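Engineer: This is the structure, below, for whatever I ask next.
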Amino acid sequence: MNFYRHYSLCIGKEDAFVCAHDEIFKLFIKGDRQAMSILVETYKRELFNLCFRLTFNKQDAEDLFQQTWIKATKNASRYEHQSFKPWLFKICVNQYRDNYRQYVKRKKLMKEDFESTSAKDYVLMTAGGTDSVEEQYERKHIQALLIANIDKLPQPQKVPMVLYYYQQMKYSDIAGVLGVPEGTVKSRINTAKKKLKGVLESELYV
Amino acid sequence: MFDIDAYLDTIAVKEVSPSDTLINKTVEQCGEVMKTKEKERKTAKQIKKVVMIAVPAAALLLIGIFIGSQLNVLQGTAVNAASACFTVDINPSVCVNVDEESIVTSLVGQNKDAADLVEKLDCIGEPAADAIYEIVDEAKALGYINEENKYVLIGCFGISDEDATIGSLQEKLENSFGDMIDLLTVSGTLEEKTQADTLDVSAGLLKLSRMAQGVDIDNEDKVEDVVGELKNTYSAPTLSVNETKDGLVLKWTKLDFVAMGYSGEVTYEIAAADTAADVKNLTASVLKRYTFQTGDTQNTSYKLTPDSGILSGTKKYYGIYVKYANVAKLVGNVVSAVMPEVAAPKASASPAVSPSPTQTPQPEQEPTVTGRVSGDAVVIKWRQDTSESLSGYKIVASKTNPNPRYPDDGYIKYITNKDTTSIKLYEGVGGLKAGKTYYFSVTYLYENGSTVAANAVQLKVPSKAKTPSETAAPPAEPTTAPTQAAPPSGDYASTSISGSMDGNTARLSWGQIDDARFDGYKVVCSFSNSSPSYPGDGYVKWITDASKTSCSVDMTKISGYAPGAVCYFAITALYDGHSVKKTGNTVSLTMPAAPAAPESQPYESTGISGSMDGSTARLSWGQINDERFDGYKVVCSFSNSSPSYPNDGYERWITDASKTSCSLDMTGISGYTPGATCYFAITVLYDGHDVKKTGNTISLPMP
């Protein structure tokens, strides 16, 4: 296949994938395993991070990652020429919604709530250089609390928060993934923020 | 005040990386999904077992080739290691060789045109339906298919799933070419294909030619040449339909089998459907079947009445299917007619078979009828027949027929007492109207169903006296219910119906109407209208005998019948020459439920076994054979001694039911440490993952 030769020439370039974009999707839709393999490789980090940020559990994230790709492969014929990543994320989020009750039940059963002490491991320090060490520690502590509490939000609020704050997606893109109007995304994020603010105020200022 | 935005806006979560094991597993599982999809794509849904051949000649001839059991047996013995094939005959004749999954392995042009055509195509590896489509498309582009040459003959030789391929192909061709082509299909064995190869002719054309009883062909013959011969060989009778007072009569022409060169068994099927297309496509309901040998007398007519299950007022299309000894099935022209309202009374219990002359018992004396007007009644007398085979006397009246007889003219009274030889008939009885002149007669009915009609007398029915005492029952007919005549003025009464189901038969009864203006009861039923009435909902019985206040209806013959369905019944009473209609209450009856479906098959789990081979776990389990099966989740856990999916995740997702083993590199499994014990199980998923069944657990020590 000329495509693979073309793709191999693209490897190493910044737009390696983009340069072969159209061909690879066509092949994937037709059921080409090599094309599927390239797509999994290309999107593995972004998708796995989304899976992990939705579940904050390695095993669940791996399950969700596999389920997403299996569903994408099964439904490849339904893929039309929209952007591939939102389509893939949409499948992932829908699968997460399907699994959500199981995750909640499992966490309850195993008493594995994602606590802020665990969340600290995932907080990336981005504070400005003017912060003192104490301030940095305080910020990390609060952000870990936020991450732990975002994980406990009900699914309709949690998913937009994850997509907006962790995945840095735009409101319009989130609306596309969730299949709801942009206003609904904003409203859910505001509701989540109010809820988090209440929780954190009670934890921080008792 | 806590500024949440200040923290959220700067929040960042560390990135995590998926393991290579996860990526490899994912790619492997998606590969399996692709494999399964490919298999599913090849398995098109099943279509009807009769493969149709449409031969749209002037007479709208349609032919179907039966894949009879005999042929299937031959297929079974003849199939060998050689590949099966489809033949495509237009004028180019192409042989499409396929593997056991109907994937094209080679294309062979069987004449020069075909050889040229095949060179332009690259169909190897494609499903057969796609390849055949491309051949037809190319043939059309090259001008082989045009207004004069529209036939495309597809032959299936040794094909195990020909219905699926042909079904898929028909859809494709219809969508793309519509009326531009006429598709014919034939089916045969690999043995027949081999014979055709020996003769250097197309197997499809050879098969078709054999239907035309040995038309000689060569490899340049066109399909229409053979079809022409075929049409000359087999034919269907020409059908016509006539309306009678009892219903409809279908008549057809006799076939000259000798001229046709055919001898053997022939079956005529009288078929009816709501559309002409259903009749033409051989999918109409068969009302009557006649099977006979070519030397036998041919039936040439069939009488249809509302009792045949076709409601009055219903338009149907009729055809006659002719089957030639499991070789061909044809339908000739299609006719349509509306089932008329049957004016003459008919008793459902009475025999309607006309006698054959040799079977008719002769009355001991010539049946004779006399009559006179006596007061406000007509008195009919007849000669007694004391023969033992006599069932009774049918009293018949007609305004127009000077020689009325049962069953052609219905009847107004049925007298089963053989000693009764006279009857007094008042206006209103059996719909008799005062001041009207009728021909009265008596038909003698015998046990074998044969009838002998007596002469007729013409009498004018007098008006009936209004006093109740004068409305007593006719003395000679004690079994007849007395009629309570109402004055011929005032309100028209409706009547109340009640009923019950007796198996699939509805037993209905209603109150008698005694009114001189009464014409009859229309028994109405509907599965869709909860307040049915005549004429809007048609009727299933028309009863003109006011004293007959019950009837039975075989519900399986009623349109819309389904086990468990609710049917609504009512009686519409007709008055004054049908000008007044009064419908009474409605009664609903539930049809008997279908036999309970067998209990659904339980969902099975599967047993796992395994061993360690270094740091690799070799696992195997029992195969699941269940249509509802989705896949096996291979589950393992170092912490849970009873692992299952989804709680413990999974290591492999296998959707191929026949794949019952796998190997796991345990060093890539989360929690692996040398010497640890790992627990394994298989969770079987069914019904779109809705059902999960986990079998036994095994534990294996890590090296």
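Those protein sequence lines, which keep their order, are chains Y and F.
Residue numbers are given in the numbering used here: position 43 of the first sequence equals residue 43, and the series is strictly consecutive.
Residue numbers are given in the numbering used here: position 103 of the second sequence equals residue 309, and the series is strictly consecutive.
For glycine and all other residues, C-beta sits at the position ideal for the given N, C-alpha and C.
A quick note: this is a predicted structure, and the numbers were derived from the prediction, not measured.
1) Report the rounded CA-to-CA distance for Tyr617 (chain F) versus Gly637 (chain F), giving the unit in angstroms.
2) Is it right to say Val793 (chain F) is buried, meaning 16 or more other beta carbons lie within 10 angstroms of its own, or is it exposed?
3) What residue range is occupied by the uninterrupted beta strand (DSSP E) comprising Ala712 (chain F)?
4) Please list the partners that Asn190 (chain Y) has in chain F, where partner means a Cβ-to-Cβ separation under 7 Å.
5) So, helix, strand or coil for Trp458 (chain F), using DSSP?
6) Between which two residues does the alpha helix (DSSP H) harbouring Ala212 (chain F) extend?
7) To the nearest whole angstrom, what separates the beta carbons of Ala863 (chain F) and Phe886 (chain F), a pair I think is in contact under 8 Å?
8) Which first and last residues belong to the beta strand (DSSP E) in which Pro907 (chain F) is found?
9) What are the boundary residues of the beta strand (DSSP E) that includes Met161 (chain Y)?
10) Under 8 Å between C-beta atoms, does Lys220 (chain F) make it to chain Y?
11) Considering only the beta carbon of each residue, do Pro199 (chain F) and Ser843 (chain F) sit closer than 8 Å?
12) Please list the partners that Asp63 (chain Y) has in chain F, where partner means a Cβ-to-Cβ separation under 8 Å.
13) If the cut is a Cβ gap below 7 Å, which residues of chain Y does Thr232 (chain F) touch?
14) Could you tell me whether the Cβ atoms of Pro738 (chain F) and Cys731 (chain F) are closer together than 8 Å?
15) Count the C-beta pairs between the stretch 224–240 of chain F and the stretch 51–69 of chain Y that are closer than 8 Å, then say yes if the count reaches three, no if not.
16) Can you look up Gln95 (chain Y) in the DSSP assignment and give me helix, strand or coil?
17) Would Gly453 (chain F) be called buried (16 or more neighbouring beta carbons within 10 Å of its own) or exposed?
18) Can you tell me where the beta strand (DSSP E) holding Phe775 (chain F) begins and where it ends?
19) Less than 8 Å between CB atoms is the rule here; does Met169 (chain Y) satisfy it with respect to chain F?
20) Name the chain Y residues whose beta carbon is nearer than 7 Å to that of Gln235 (chain F)?
21) Count the CB pairs spanning the stretch 581–596 of chain F and the stretch 644–653 of chain F that are closer than 8 Å, and state whether there are at least three.
22) For a minimum of 4 consecutive residues, which ranges assigned as the alpha helix (DSSP H) are wholly contained in the stretch 327–407 of chain F?
23) Is the CB-CB distance between Leu54 (chain Y) and Val162 (chain Y) below 8 Å?
24) Which residues of chain Y have a Cβ atom closer than 9 Å to the Cβ of Lys243 (chain F), listed in chain order?
25) According to DSSP, is Thr503 (chain F) part of a helix, a strand, or is it coil?
26) What first and last residue would you give for the alpha helix (DSSP H) that runs through Gly198 (chain Y)?
27) When the cut-off is 8 Å and only beta carbons count, does Pro769 (chain F) lie next to chain Y?
28) If you measure from the beta carbon of Tyr122 (chain Y) to each beta carbon in chain F, is any gap under 8 Å?
29) For a cutoff of 8 Å on Cβ pairs, would you count Val175 (chain F) as touching chain Y?
30) By the three-class DSSP mapping on this structure, what secondary structure does Gln807 (chain F) have?
31) Take Val541 (chain F) and list the residues in its own chain whose beta-carbon comes closer than 8 Å to its own, dropping the five residues that flank it on each side.
32) Could you list which residues in chain Y have their beta carbon closer than 8 Å to that of Val239 (chain F), in chain order?
33) What residue range does the alpha helix (DSSP H) around Val133 (chain Y) cover?
34) What residues from chain F crowd round Lys193 (chain Y), counting only those whose CB sits closer than 9 Å?
35) Tell me which residues share the same chain as Ile189 (chain Y) and place their Cβ nearer than 7 Å to its Cβ, disregarding the 5 neighbours each side in the sequence.
36) CA-CA distance, Ser905 (chain F) and Cys884 (chain F)?
Structural biologist: If we stick to the structure as given:
1) The count along the second sequence starts at 1 and reaches residue 617 (chain F) at position 411. The count along the second sequence starts at 1 and reaches residue 637 (chain F) at position 431. Distance between the alpha carbons of Tyr617 (chain F) and Gly637 (chain F) is about 10 Å.
2) One-based indexing of the second sequence puts residue 793 (chain F) at position 587. Its Cβ being crowded by 16 or more others within 10 Å, Val793 (chain F) is buried.
3) If you number the second sequence from 1, residue 712 (chain F) lands on position 506. Per DSSP, Ala712 (chain F) belongs to the beta strand (DSSP E) from Thr711 to Trp716.
4) For the purposes of this step, residue 190 (chain Y) is taken as the residue at position 190 of the first sequence. Ordered by position in chain F, no residue passes the 7 Å Cβ test against Asn190 (chain Y), which lies about 11 Å from the chain.
5) In the second sequence, residue 458 (chain F) corresponds to position 252, counting from 1. Strand at Trp458 (chain F).
6) The residue labelled residue 212 (chain F) in the question sits at position 6 within the second sequence. Here the alpha helix (DSSP H) through Ala212 (chain F) covers Ile210 to Leu214.
7) Residue numbering aside, residue 863 (chain F) sits at position 657 when the second sequence is read from its first letter. Residue numbering aside, residue 886 (chain F) sits at position 680 when the second sequence is read from its first letter. Rounded, the Cβ-Cβ distance is 19 Å, inconsistent with contact.
8) Within the second sequence, numbered from 1, the residue matching residue 907 (chain F) stands at position 701. Segment Ile904 to Pro907, the beta strand (DSSP E) holding Pro907 (chain F).
9) If you number the first sequence from 1, residue 161 (chain Y) lands on position 161. It is not in any beta strand (DSSP E) - Met161 (chain Y) instead sits in the alpha helix (DSSP H) that spans Gln155 to Met161.
10) Counting from one through the second sequence, the residue named residue 220 (chain F) turns up at place 14. Yes, Lys220 (chain F) lies at the interface with chain Y (some Cβ there is under 8 Å from its Cβ).
11) Limits of chain F in this structure are 207 at one end and 909 at the other, which puts residue 199 (chain F) out of reach.
12) For the purposes of this step, residue 63 (chain Y) is taken as residue 63 along the first sequence, with counting starting at 1. Going along chain F in sequence order, the residues near Asp63 (chain Y) (Cβ under 8 Å) are Pro852, Gly855 and Tyr856.
13) Looking up residue 232 (chain F) in the second sequence gives position 26. Here the neighbours are Val40, Phe65, Gln66 and Trp69.
14) Sequence index remark: in the second sequence, residue 738 (chain F) carries index 532 (1-based). Sequence index remark: in the second sequence, residue 731 (chain F) carries index 525 (1-based). Taking 8 Å as the Cβ cut-off, Pro738 (chain F) and Cys731 (chain F) qualify as a contacting pair.
15) yes
16) Working through the first sequence from its first residue, we reach residue 95 (chain Y) at position 95. Helix at Gln95 (chain Y).
17) Within the second sequence, residue 453 (chain F) is the residue found at index 247, counting from 1. Looking at its Cβ environment, which holds 16 or more other Cβ atoms inside 10 Å, Gly453 (chain F) is buried.
18) In the second sequence, residue 775 (chain F) corresponds to position 569, counting from 1. Start and end: Val772 to Tyr781.
19) Within the first sequence, the letter at position 169 stands for residue 169 (chain Y). No - not a single Cβ of chain F is within 8 Å of the one on Met169 (chain Y).
20) Counted from its first residue, the second sequence places residue 235 (chain F) at position 29. Correct list: Gln66 and Ile70.
21) yes
22) 334–347, 368–383 and 396–405
23) Residue numbering aside, residue 54 (chain Y) sits at position 54 when the first sequence is read from its first letter. Residue numbering aside, residue 162 (chain Y) sits at position 162 when the first sequence is read from its first letter. Taking 8 Å as the Cβ cut-off, Leu54 (chain Y) and Val162 (chain Y) qualify as a contacting pair.
24) Taking the first residue of the second sequence as 1, we reach residue 243 (chain F) at position 37. Per Cβ cutoff of 9 Å: Gly31, Thr73, Lys74, Ala76 and Ser77.
25) As a working mapping, residue 503 (chain F) is identified with position 297 in the second sequence. Coil.
26) For the purposes of this step, residue 198 (chain Y) is taken as the residue at position 198 of the first sequence. Taken as a continuous stretch (DSSP letters only), the alpha helix (DSSP H) holding Gly198 (chain Y) covers Glu182 to Leu204.
27) Sequence index remark: in the second sequence, residue 769 (chain F) carries index 563 (1-based). No - not a single Cβ of chain Y is within 8 Å of the one on Pro769 (chain F).
28) Sequence index remark: in the first sequence, residue 122 (chain Y) carries index 122 (1-based). It does: the Cβ of Tyr122 (chain Y) has a partner Cβ on chain F nearer than 8 Å.
29) The requested residue 175 (chain F) does not occur in the structure, where chain F is confined to residues 207 to 909.
30) As a working note, residue 807 (chain F) is residue 601 in the second sequence. Three-state result, Gln807 (chain F): coil.
31) By one-based count along the second sequence, residue 541 (chain F) stands at place 335. Same-chain partners within the cutoff: Leu445, Ser446, Val447, Leu456, Tyr523, Tyr524 and Gly525.
32) Counting from 1 along the second sequence, the entry for residue 239 (chain F) is found at position 33. Near Val239 (chain F) (Cβ distances below 8 Å), the residues of chain Y are Ile70, Thr73 and Lys74.
33) Within the first sequence, numbered from 1, the residue matching residue 133 (chain Y) stands at position 133. Taken as a continuous stretch (DSSP letters only), the alpha helix (DSSP H) holding Val133 (chain Y) covers Val133 to Lys152.
34) Within the first sequence, residue 193 (chain Y) is the residue found at index 193, counting from 1. Those within 9 Å of Lys193 (chain Y) in chain F are Ile210, Asp211 and Leu214.
35) Residue mapping note: residue 189 (chain Y) aligns to position 189 of the first sequence, counting from 1. Hits under 7 Å: Pro160, Met161 and Tyr164.
36) For the purposes of this step, residue 905 (chain F) is taken as the residue at position 699 of the second sequence. For the purposes of this step, residue 884 (chain F) is taken as the residue at position 678 of the second sequence. In a straight line, the C-alpha of Ser905 (chain F) is about 5 Å away from that of Cys884 (chain F).
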